[in-house]
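Those protein sequence lines, which keep their order, are chains A and B.
First residue of the first sequence? That's 0 in numbering that gives the first Met the number 0, and the numbers climb one at a time after it.
First residue of the second sequence? That's 0 in numbering that gives the first Met the number 0, and the numbers climb one at a time after it.
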Amino acid sequence: MGYILQAENIDKIYDKHQALTDVSIRVPRQGIFGLLGPNGAGKTTLIRIINQIIAPDNGRIIFDGEKLNSRHIKKIGYLPEERGLYKKMKVGEQALYLAQLKNVNGREAKVLLKDWFEKFDLIPWWNRKVEELSKGMQQKLQFIITILHKPDLLIFDEPFSGFDPINVNLLKEEILKLKEQGTSIIFSTHNMSSVEELCDNIALINKSKKILDGNLDEIKQSHSNQIFSLQVDNLSKPLENILQPVAALIKQENGSDGFIKAKVKLEKGYNANDLIKHILPNVRFHSFQEELPSMNDIFIKTVTGKYPHEMKKEDLKIHLQMDTE
Amino acid sequence: MSKTFTIIRREYLSRVKKKSFIVMTILGPLLMAALIIVPIYIAQMSDSVYEVAIVDDTRLFYDEFTDANNVRFTDLNVNIDAAIELMKMNKFDAVLHIPTTAFQAPSTLRLFSEKAINMNAKLYIENVLRNEFELMKLAHAGIDPEILKATETKISIQAIRLLKDGHEQTDYPEISMALGIFSGILIYFFVFLFGAQVMRGVMEEKSNRIVEIIVSSVRPFQLMMGKIVGIALVGLTQFLIWIGLTFVIVGTVRTAMPETFRFTPQENIYISTAQSLNPAELQEHMQQTQQHNSPVGQLFESLGAINLEVMILSFIFFFLGGYLLYAALFAAIGSAVDNEADTQQFMLPITIPMIFAIVMAQMVMNNPMGPVAFWLSIIPLTSPIIMMVRIPFGVPWFDLWLSMVLLIAGFIATTWLAAKIYRTGILMYGKKVSYKDLWRWIKINS
Numbered sequence: 000m001g002y003i004l005q006a007e008n009i010d011k012i013y014d015k016h017q018a019l020t021d022v023s024i025r026v027p028r029q030g031i032f033g034l035l036g037p038n039g040a041g042k043t044t045l046i047r048i049i050n051q052i053i054a055p056d057n058g059r060i061i062f063d064g065e066k067l068n069s070r071h072i073k074k075i076g077y078l079p080e081e082r083g084l085y086k087k088m089k090v091g092e093q094a095l096y097l098a099q100l101k102n103v104n105g106r107e108a109k110v111l112l113k114d115w116f117e118k119f120d121l122i123p124w125w126n127r128k129v130e131e132l133s134k135g136m137q138q139k140l141q142f143i144i145t146i147l148h149k150p151d152l153l154i155f156d157e158p159f160s161g162f163d164p165i166n167v168n169l170l171k172e173e174i175l176k177l178k179e180q181g182t183s184i185i186f187s188t189h190n191m192s193s194v195e196e197l198c199d200n201i202a203l204i205n206k207s208k209k210i211l212d213g214n215l216d217e218i219k220q221s222h223s224n225q226i227f228s229l230q231v232d233n234l235s236k237p238l239e240n241i242l243q244p245v246a247a248l249i250k251q252e253n254g255s256d257g258f259i260k261a262k263v264k265l266e267k268g269y270n271a272n273d274l275i276k277h278i279l280p281n282v283r284f285h286s287f288q289e290e291l292p293s294m295n296d297i298f299i300k301t302v303t304g305k306y307p308h309e310m311k312k313e314d315l316k317i318h319l320q321m322d323t324e
Numbered sequence: 000m001s002k003t004f005t006i007i008r009r010e011y012l013s014r015v016k017k018k019s020f021i022v023m024t025i026l027g028p029l030l031m032a033a034l035i036i037v038p039i040y041i042a043q044m045s046d047s048v049y050e051v052a053i054v055d056d057t058r059l060f061y062d063e064f065t066d067a068n069n070v071r072f073t074d075l076n077v078n079i080d081a082a083i084e085l086m087k088m089n090k091f092d093a094v095l096h097i098p099t100t101a102f103q104a105p106s107t108l109r110l111f112s113e114k115a116i117n118m119n120a121k122l123y124i125e126n127v128l129r130n131e132f133e134l135m136k137l138a139h140a141g142i143d144p145e146i147l148k149a150t151e152t153k154i155s156i157q158a159i160r161l162l163k164d165g166h167e168q169t170d171y172p173e174i175s176m177a178l179g180i181f182s183g184i185l186i187y188f189f190v191f192l193f194g195a196q197v198m199r200g201v202m203e204e205k206s207n208r209i210v211e212i213i214v215s216s217v218r219p220f221q222l223m224m225g226k227i228v229g230i231a232l233v234g235l236t237q238f239l240i241w242i243g244l245t246f247v248i249v250g251t252v253r254t255a256m257p258e259t260f261r262f263t264p265q266e267n268i269y270i271s272t273a274q275s276l277n278p279a280e281l282q283e284h285m286q287q288t289q290q291h292n293s294p295v296g297q298l299f300e301s302l303g304a305i306n307l308e309v310m311i312l313s314f315i316f317f318f319l320g321g322y323l324l325y326a327a328l329f330a331a332i333g334s335a336v337d338n339e340a341d342t343q344q345f346m347l348p349i350t351i352p353m354i355f356a357i358v359m360a361q362m363v364m365n366n367p368m369g370p371v372a373f374w375l376s377i378i379p380l381t382s383p384i385i386m387m388v389r390i391p392f393g394v395p396w397f398d399l400w401l402s403m404v405l406l407i408a409g410f411i412a413t414t415w416l417a418a419k420i421y422r423t424g425i426l427m428y429g430k431k432v433s434y435k436d437l438w439r440w441i442k443i444n445s
C-alpha cells in the first residue's frame with residue numbers, strides 16, 4: 000500500500016514561537032488521514048509546509064517516494080481554512096484562472112468545470128460575479144477549484160466550517176467518492192464526529208508536537224476503558240450483585256418493557272468473556288457491546304490528561320471551548 | 000514563467016476592462032483640454048454689455064473713456080443724483096462720479112451700482128484715470144510725456160544655444176521649465192496612482208483570503224511580480240493612449256485652423272562674432288518673423304526644439320523605473336497590514352522622498368546643471384521626478400545613463416527587500432505589525 004506522503008522530523012520556528020517540534024507523519028495512499036489538534040497546535044503550519052508555501056527549518060517531506068519539489072504542486076489540492084475568492088471577478092472566469100495556476104490548460108479546465116458546475120447546480124452562475132453567490136455556493140465553488148486538477152493528494156483544512164447540514168452531506172459524499180477513486184486525503188479538523196465518520200488514520204498534534212497517531216480503530220481500541228453496555232432481563236437478583244466481583248455497575252436504566260440497560264466496568268484481571276460467563280446463569284442477554292471512548296474523549300484525554308467525565312468544572316470550561324471551536 | 004504570465008494577464012485585463020479605466024483613458028485628455036478651453040470660451044462669449052454712465056463734474060476726463068471689453072460709457076452732463084435715478088430705472092449698470100475734488104483727492108472718486116461691480120470695468124476705469132492723472136501731473140511738472148515714452152525700454156533676451164554640430168537653437172527656458180515640472184508631477188502622480196493600486200490589490204487578496212489558495216499554486220514572488228507588472232502595463236497603456244489621443248486632437252485642430260499654427264523658423268542670426276548683423280537690421284528682422292508667427296506656432300516650435308522623442312522615451316523609462324521601485328514597496332506594505340488604516344504608518348517613508356523631490360524641483364529648475372540637480376537625479380528614490388525635470392533643459396548622456404543604471408539597481412533592491420516582507424506578510428493575520436516585525440521578516444531566510 001505505501002505512503003503518499005511522509006513528513007520526517009519537521010521543525011518550524013516563527014520568530015521565537017515554536018510552531019512544530021520534530022513532527023513526523025505518514026499519510027497512507029487512498030485513505031483519509033485526520034490531522035487533529037486544538038487551535039494553534041501547528042496543523043496549519045504543517046499543511047503550509049506540505050503545500051510548499053513555507054519551508055521547514057529542519058526535516059524533510061517525501062511525496063510519492065520523492066523529496067517534495069515544485070513538480071508536486073499540481074499533484075496537491077488544498078482547501079485552506081480561511082478561504083476566499085475575488086469578489087468582483089466572474090465565477091467561471093475565476094475558476095478557470097485558478098485552474099490555470101494549477102497548470103490545467105484552459106480548454107481542458109473549461110470542460111471539467113462545466114461537469115462540476117452541473118453537478119453542483121452552479122451553471123446559471125457562470126457569468127455572475129462571485130459576490131452575488133451565497134456563502135454556501137462560494138464554498139462549493141472553492142471545493143470544485145480544489146479538486147478540479149485531479150490531485151493525488153487533497154488537503155482539506157476544516158472543510159465543513161460554514162456549510163449547512165445538506166451541503167456537509169454533499170461534501171462528505173464527494174470526499175468519500177474521491178477516496179474510492181484512489182485519492183489520498185488529509186483532513187484537518189477539530190470536529191471529532193466527522194473524524195470518526197471519515198478517517199482511517201489520524202495524527203494528533205498539540206502544542207507543536209505530535210502526541211498520538213495511528214489507525215483510528217486501533218487507537219480507539221487502545222484507549223478502551225473496559226466499559227461495556229448490556230441489555231438484559233429476567234434477573235435472579237439485583238444486577239449489582241450479579242456483576243460482583245468481575246465488574247462494577249456504573250449506570251442502570253430500567254426500561255418500561257422490563258429490560259434493564261446498564262453500563263458496567265470490568266474489574267482488573269477480567270476480560271469480556273469472563274464477564275459473560277459470570278453473569279450468564281443469572282440473566283437473559285439481549286445485547287452486549289464494548290463502549291469505546293469517542294474520538295472526542297480521546298482527543299480531550301490526550302490533550303488535557305483527563306476524560307471529560309472526570310473533569311471538574313474549571314476543566315470543563317477548556318473542554319467546552321475546544322468543542323465549540 | 001507561464002503562471003506568472005497568467006497572473007499578469009488577469010491583473011491587466013481585470014483592470015483594463017473596468018469602466019472607470021475606459022472612461023479615464025478616453026475622457027482624460029478631453030477633460031484636460033476642456034478644462035483649459037471651456038473657461039476661455041465662456042469668458043469670451045458670455046458677457047453682456049455693461050453700461051457705465053459718467054458724471055464728470057470736472058469735464059476733463061469723460062472723453063478719455065472708449066468703449067471696450069463689453070463695457071460701454073455714456074457721458075451724462077447731469078448732476079449725480081439725477082444719474083443715480085437713471086441707474087435705478089435700469090438705464091445703466093453703474094455710475095462713475097468724478098467730483099471736482101478728484102484731482103486733489105483721488106479717493107473721492109466713486110463708482111455706484113445696484114448689483115455687484117463688474118471687475119473688468121472697474122479695472123479699466125482705474126487704468127484710464129491713473130494714466131490721465133499721471134499725464135496731468137507730468138504736464139504740471141513741465142515734463143513732456145513724449146520724452147518719458149521714449150525712455151521706456153522693453154527687454155527680452157533671446158537665448159541661443161550653440162549645438163556641437165554648429166547649429167544654433169533658440170532656447171525657451173520657460174517652456175523647458177513648464178515641461179519639466181509637468182512631467183515630474185505626472186511621474187509623481189502615476190507612481191502614486193498605480194503604486195496604490197498594487198497596494199490595494201495585495202490587500203484585497205489578503206483580506207479575501209484568496210492568497211493562500213494562490214500561493215499553494217505559485218510562489219509568492221510570482222504573485223507579487225505578476226501584479227506589479229500587470230499594473231505597470233495598465234499604466235503604460237493609459238499613457239500611450241493619452242499621447243496618441245493628444246496627437247490626434249492637436250493634429251485635427253491643426254488641420255482645421257492652420258493659421259493658428261503658422262511658424263517660419265528664424266534664420267541664423269549668429270554666424271560668427273565678426274559677422275553679426277547690425278542692431279537696426281536685427282530689429283527689423285525680428286519684428287518681421289514675430290509678426291509672421293502666431294504665439295501657438297511659437298509654442299510648437301519651442302516644443303520641437305526640446306526633442307520630444309527623448310522626452311517621451313525617457314518619460315516611459317523613468318515612469319516604469321520609478322513605478323517598479325515604489326510599487327514593490329507598496330506591495331510590501333499591502334502585505335503587512337490587515338486594513339487600509341494601518342497603511343498610514345508605513346506610507347510615510349515612501350511618500351517623503353517623492354514629496355521632497357517635488358519640492359526640490361523648483362531649485363533644480365533654477366540650476367539644472369548644479370550639484371543638487373545632479374545628485375537628486377542620480378539617487379533612485381528621487382531620480383524619476385528630478386531627471387524628468389532636468390531633461391527638457393538638456394542633460395549630459397553620462398548623467399542620464401548613470402541615473403538609469405542606478406534606477407534599475409534600485410528597483411531590483413527594493414523588489415528583493417519587498418519580496419521578503421511580502422512572503423511572510425500575506426499569511427499574517429490579526430497582528431498589528433511594527434517596523435521591527437518587518438525587519439525580522441526581512442532577516443528570515445528560505
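Yeah, the Cβ is synthetic: ideal placement off N, Cα and C, and Gly gets one too.
Three-state secondary structure assigned by DSSP to residue i
i: A:Asn240; result: helix
i: A:Tyr306; result: coil
i: A:Asp10; result: strand
i: B:Ile268; result: Any reading at B:Ile268 is ruled out, since the residue's pLDDT is 46, under 50, leaving its predicted position unreliable.
i: B:Ala273; result: Unreliable placement is indicated for B:Ala273, whose pLDDT of 44 sits below 50; no coordinate value is reported for it.
i: B:Thr236; result: helix
i: B:Arg8; result: helix
i: B:Ser13; result: helix
Beta bridge counterpart(s) of residue i as assigned by DSSP
i: A:Lys213; result: Inspection of the sequence shows that residue 213 of chain A is occupied by Gly rather than by Lys. Answer by DSSP bridge pairing, in chain order: A:Ile201.
i: A:Asn50; result: Per DSSP, none; premise fails for A:Asn50.
i: A:Phe32; result: A:Ile185, A:Asn200
i: B:Tyr49; result: B:Val70
i: A:Gly76; result: A:Leu153
i: A:Asn253; result: A:Ile259
i: B:Asp341; result: Paired residues: none, contrary to the question.
i: A:Ala246; result: A:Leu265
i: A:Asp232; result: A:Arg283
i: B:Ser112; result: B:Ala93
i: B:Glu125; result: Partner(s): none; B:Glu125 has no beta bridge.
Beta-carbon contacts of residue i that lie in its chain and below 6 Å, excluding the five residues immediately before and after
i: B:Met202; result: Gly333
i: B:Asn76; result: none
i: B:Val336; result: Thr342
i: B:Gly424; result: Ser334, Ala335
i: B:Pro352; result: Leu380, Thr381
i: B:Gly200; result: Lys226
Among the options, the one whose alpha carbon lies nearest that of residue i
i: A:Lys149; options: A:Pro164, A:Gln138, A:Ala98; result: A:Ala98
i: A:Gly213; options: A:Pro27, A:Asn8, A:Ile9, A:Thr20; result: A:Pro27
i: A:Leu291; options: A:Ala271, A:Arg283, A:Glu252, A:Gln225; result: A:Gln225
i: A:Leu140; options: A:Asp156, A:Lys178, A:Glu117; result: A:Glu117
i: A:Ile12; options: A:Ser207, A:Gly135, A:Val245; result: A:Ser207
i: A:Glu252; options: A:Ser228, A:Ile275, A:Tyr269, A:Asn272; result: A:Ser228
i: A:Lys209; options: A:Glu7, A:Gln243, A:Ile275; result: A:Glu7
Partner residues on chain B for residue i, Cβ-Cβ distance less than 7 Å
i: A:Tyr85; result: Asn207, Ile209
Cβ neighbours of residue i in the same chain (closer than 7 Å, five flanking residues each side left out)
i: A:Leu169; result: none
i: A:Lys250; result: Ala261, Lys262
i: B:Gln221; result: Lys2, Thr3, Ile6
i: B:Ser271; result: Caution is warranted here: a pLDDT of 45 is assigned to B:Ser271, below 50, making its placement in the model unreliable, and the coordinate value is therefore given only provisionally. Taken in chain order, the list of residues that qualify is empty.
i: A:Val194; result: Gly33, Leu35, Thr188, Ile201, Met294
Chain B residues whose Cβ lies nearer than 9 Å to that of residue i
i: A:Met294; result: By Cβ distance, chain B contributes nothing, its closest Cβ being about 27 Å from A:Met294, past 9 Å.
8 Å Cβ shell around residue i - same chain, five flanking residues per side excluded
i: B:Thr100; result: Thr107
i: B:Ala93; result: Tyr49, Glu50, Val51, Ala52, Met86, Leu110, Phe111, Ser112, Ile116, Asn117, Ala120
Contact set between residue i and chain A, taken where Cβ atoms lie within less than 7 Å
i: B:Val214; result: Ile52
i: B:Ser13; result: Met88
To be precise: take each residue of the stretch 239-272 of chain A, compare its Cβ to all Cβ atoms of chain D, and keep it if any distance is under 9 Å. Which residues remain?
Given the protein chain composition of this structure (A and B), no chain D is represented.
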